[in-house]
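Only one structure is covered here, and it is reproduced in the block below.
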Amino acid sequence: MAKRGKRRIVGGLPGQAGMLKQLQSLQENLLKAQEEIAAMTVTASAGGGAVTAVVSGNRRVQSITIQPEVVDPEDVEMLQDLIVAAVNQGLEQIEQAAAEKMNEVTGGLGGLMGGLLG
1 MAKRGKRRIV
11 GGLPGQAGML
21 KQLQSLQENL
31 LKAQEEIAAM
41 TVTASAGGGA
51 VTAVVSGNRR
61 VQSITIQPEV
71 VDPEDVEMLQ
81 DLIVAAVNQG
91 LEQIEQAAAE
101 KMNEVTGGLG
111 GLMGGLLG
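Okay, so the sequence shown: first residue is 1 according to this note's numbering, each after it adds one.
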């Protein structure tokens, strides 16, 4: 009669330890990517450089530079529009850069996880 060997599965199901290791690695890579994104800055301008905005990876406006020649008390609305355009462009650029960085880490899984990664 053949003996039956005892099989022990350490840590649960086969492959579970490998999957856990992959998830831990992904988590570490995500944290590193988030730190790198936070350290990023982009510079965007409007009106041919009349207004420039610097936006951080934390989606905060760090500075706005306005060229003196565009400051016209008779046309404040134009200046306001230029500021809004420069800031929005900066925010769009940082969002794009952040999405690209997260895509590098997740291999495109970010969209599948409901944007939880970025």
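Here a beta-carbon is modelled for each residue, glycine too, at the ideal position from N, C-alpha and C.
Using the Cβ count rule (16 or more neighbours within 10 Å means buried), how would you classify Thr-65?
By the 10 Å Cβ count, Thr-65 comes out exposed.
Going straight from the alpha carbon of Thr-71 to that of Leu-79, what length do you get?
Here residue 71 turns out to be Val, not Thr, going by the sequence shown. One C-alpha to the other measures close to 7 Å.
Contact belief for Asn-120 with Val-105 at Cβ below 8 Å, rounded distance in angstroms
Outside the displayed range of the chain (1 to 118) lies residue 120, so it cannot be described from this structure.
Host alpha helix (DSSP H) of Ala-53 (start-end):
Here Ala-53 belongs to no alpha helix (DSSP H); instead the beta strand (DSSP E) covers 51-56.
Count the CB pairs spanning the region 52-62 and the region 16-28 that are closer than 8 Å, and state whether there are at least three.
The count of Cβ pairs closer than 8 Å, one atom from the region 52-62 and one from the region 16-28, stays below three, leaving the stretches out of contact.
By DSSP, does Gln-67 sit in helix, in strand, or in coil?
DSSP places Gln-67 in coil when its eight states are reduced to three.
Drop a sphere of 10 angstroms on the beta-carbon of Leu-82, count the other beta-carbons inside from all chains shown, and report buried for 16 or more, exposed for fewer.
Only buried fits Leu-82, as 16 or more other CB atoms lie within 10 angstroms of its CB.
Please report the residue range of the alpha helix (DSSP H) in which Gly-90 lies.
Residue range 76-106 is occupied by the alpha helix (DSSP H) that includes Gly-90.
Distance, Cα to Cα, Ile-37 vs Pro-73?
C-alpha of Ile-37 to C-alpha of Pro-73: approximately 38 Å in a straight line.
Going by CA-CA distance only, name the one from Val-61, Ala-39, Asn-103, Glu-69 that's closest to Glu-92.
For Glu-92, the closest alpha carbon among the candidates Val-61, Ala-39, Asn-103, Glu-69 is that of Val-61.
Do Ala-50 and Gln-67 have their C-beta atoms closer together than 7 Å?
Yes, Cβ-Cβ distance for Ala-50 and Gln-67 is below 7 Å.
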